[in-house]
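Residue numbers (my numbering): 547 to 834. Notes to accompany the following structure.
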């Protein structure tokens, strides 16, 4: 039987919808899959059934009962979940059962992932492109930095770095306000920076398109698993591979520092004078 719902439907949602009607053996298998559905992307049907202590025939019956054509179709759905960055789909039941892979120390694999992500990110990034972006940021009338969910925190951090050396840098969205209110008044000599790391919200492409219609160039900062530029003028991709179900964002922070250093270089004396005045005001106001 062919699955009727869109192919991108959640595998875990489909299983939960059928859970009450499943025979005991299929329910045991379904529970094992639900614990970490992303494992289907890496493991064979036989490996998963061994984890559940059921037969391969049980897997075949469960696949068909859920409305999928075969196990490979379920594996493709699991890969989509992993590519999307869902922590649930990035969990590995075997690693959880074994207590993880921290025998060499609790920090080693996290340090290794951070270093590798930074190296891979900048190895695939054009210095000329980064310099072009830095010049645009320094010369823009206004810089607007946008991010949602976890992307909001990166946007806030980058904006904080920038305001040390230039004015008119704005963080979006502001609570209680709409994006439309910020798109009116954009001018071609502005620049729009969008953080679109997984898991991205679906409205990014329409937002970038609207910004482009105002004649404004957009920089998209995204992850290396994203194969679409979403219509942005510049795209800088960061590796976020991790030893855990949560993405490692060390390379994203490193890129923020690189862009900030570009701004320092491009603003020159004017940027340094702004920083001097900020520090003088800190002292006068006894803020720090």
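Glycine included, C-beta positions come from ideal geometry on N, C-alpha and C. These numbers come from a predicted model, not from an experiment.
Quiz item: Can you tell me where the beta strand (DSSP E) with residue 653 in it begins and where it stops?
Solution: Taking the chain shown and counting its residues from 1, the one referred to as residue 653 is at position 107. Residue 653 -> no beta strand (DSSP E), and no H or E assigned at all.
Quiz prompt | Neighbour-count burial assignment, residue 697, 16 or more Cβ in a 10 Å radius | solution = Here residue 697 is taken as the residue at index 151 of the chain shown, counted from 1. By the 10 Å Cβ count, residue 697 comes out buried.
Exercise. Give the DSSP bridge partners of residue 698, in chain order.
Key: Start at 1 with the first residue of the chain shown, and residue 698 comes out as number 152. Paired residue(s): none; residue 698 is not in a bridge.
Exercise. List the whole-angstrom C-beta distance separating residue 796 from residue 602, where the pair is believed to meet the contact cut-off of C-beta under 8 Å.
Key: One-based indexing of the chain shown puts residue 796 at position 250. One-based indexing of the chain shown puts residue 602 at position 56. So it is not a contact: roughly 41 Å between Cβ atoms.
Exercise. Please report the residue range of the beta strand (DSSP E) in which residue 709 lies.
Key: As a working mapping, residue 709 is identified with position 163 in the chain shown. For residue 709, there is no enclosing beta strand (DSSP E), as DSSP gives it neither H nor E.
Exercise. Just tell me which of 731, 656, 619, 815 has its CA closest to the CA of residue 757.
Key: Locating residue 757 in the chain shown gives position 211, where the first residue counts as 1. Nearest C-alpha to residue 757: 731.
Self-check item: Separation of residue 831 from residue 772, as counted between CA atoms
Solution: The residue given as residue 772 occupies position 226 in the chain shown. The residue given as residue 831 occupies position 285 in the chain shown. Each residue's alpha carbon lies about 45 Å from the other.
Quiz item: Are the beta-carbon atoms belonging to residue 736 and residue 806 less than 7 Å from one another?
Solution: Within the chain shown, numbered from 1, the residue matching residue 736 stands at position 190. Within the chain shown, numbered from 1, the residue matching residue 806 stands at position 260. Contact flag unset, no.
Exercise. Report, in whole angstroms, the separation of the C-beta atoms of residue 691 and residue 739, which I expect to be a contact under 8 Å.
Key: Looking up residue 691 in the chain shown gives position 145. Looking up residue 739 in the chain shown gives position 193. A Cβ-Cβ separation of about 5 Å places residue 691 in contact with residue 739 under the 8 Å criterion.
Self-check item: Alpha-carbon to alpha-carbon, residue 776 and residue 572
Solution: For this step, residue 572 is matched to residue 26 along the chain shown. For this step, residue 776 is matched to residue 230 along the chain shown. Cα-Cα distance, rounded: 41 Å.
Quiz item: Would DSSP call residue 639 helix, strand or coil?
Solution: Counting from one through the chain shown, the residue named residue 639 turns up at place 93. Confidence is the limiting factor: at residue 639 the pLDDT is only 49, short of 50, which leaves the residue's position unreliable, though a coordinate-based value still follows. Three-state result, residue 639: helix.
Quiz prompt | Collapsed DSSP secondary structure at residue 599 in the structure displayed | solution = As a first step, residue 599 is located in the chain shown; it is residue number 53 there, counting from the start. It is coil, neither helix nor strand.
Self-check item: Contact check, residue 728 vs residue 718, beta carbons under 7 Å
Solution: Counted from its first residue, the chain shown places residue 728 at position 182. Counted from its first residue, the chain shown places residue 718 at position 172. Result yes, Cβ atoms of residue 728 and residue 718 sit closer than 7 Å.
Practice problem: Determine the contact status of residue 681 and residue 785, defining contact as a CB-CB distance below 7 Å. | Solution: What you label residue 681 is simply residue 135 of the chain shown in a count that begins at 1. What you label residue 785 is simply residue 239 of the chain shown in a count that begins at 1. Cβ distance not < 7 Å, so residue 681 and residue 785 don't count as in contact.
Quiz prompt | N-terminal and C-terminal residue of the beta strand (DSSP E) that residue 769 is part of | solution = Start at 1 with the first residue of the chain shown, and residue 769 comes out as number 223. Residue 769 -> beta strand (DSSP E) spans 763 to 769.
Quiz item: So, is residue 794 buried or exposed, given that buried needs 16 or more other C-beta atoms within 10 angstroms?
Solution: Here residue 794 is taken as the residue at index 248 of the chain shown, counted from 1. Within a 10 Å sphere around the beta-carbon of residue 794 sit 16 or more other beta-carbons, which makes this residue buried.
Exercise. Using three-state DSSP, classify residue 732 as helix, strand or coil.
Key: If you number the chain shown from 1, residue 732 lands on position 186. Three-state DSSP puts residue 732 in coil, outside helix and strand.
Quiz prompt | Three-state secondary structure assigned by DSSP to residue 568 | solution = As a position in the chain shown, residue 568 is number 22, starting the count at 1. Assigned with DSSP and collapsed to three states, residue 568 falls in coil, not helix or strand.
Quiz item: DSSP on residue 589, reduced to helix/strand/coil?
Solution: Counting from one through the chain shown, the residue named residue 589 turns up at place 43. In the structure shown, residue 589 sits in coil (DSSP, three-state: anything other than H, G, I, E or B).
Quiz item: Got a sec, what are the start and stop residues for the alpha helix (DSSP H) residue 680 sits in?
Solution: Taking the chain shown and counting its residues from 1, one reaches residue 680 at position 134. Per DSSP, residue 680 belongs to the alpha helix (DSSP H) from 673 to 685.
Self-check item: Own chain partners of residue 564 with C-beta closer than 7 Å, once the 5 adjacent residues on each side are dropped
Solution: Within the chain shown, numbered from 1, the residue matching residue 564 stands at position 18. Closer than 7 Å at Cβ, skipping near neighbours: 611, 612.
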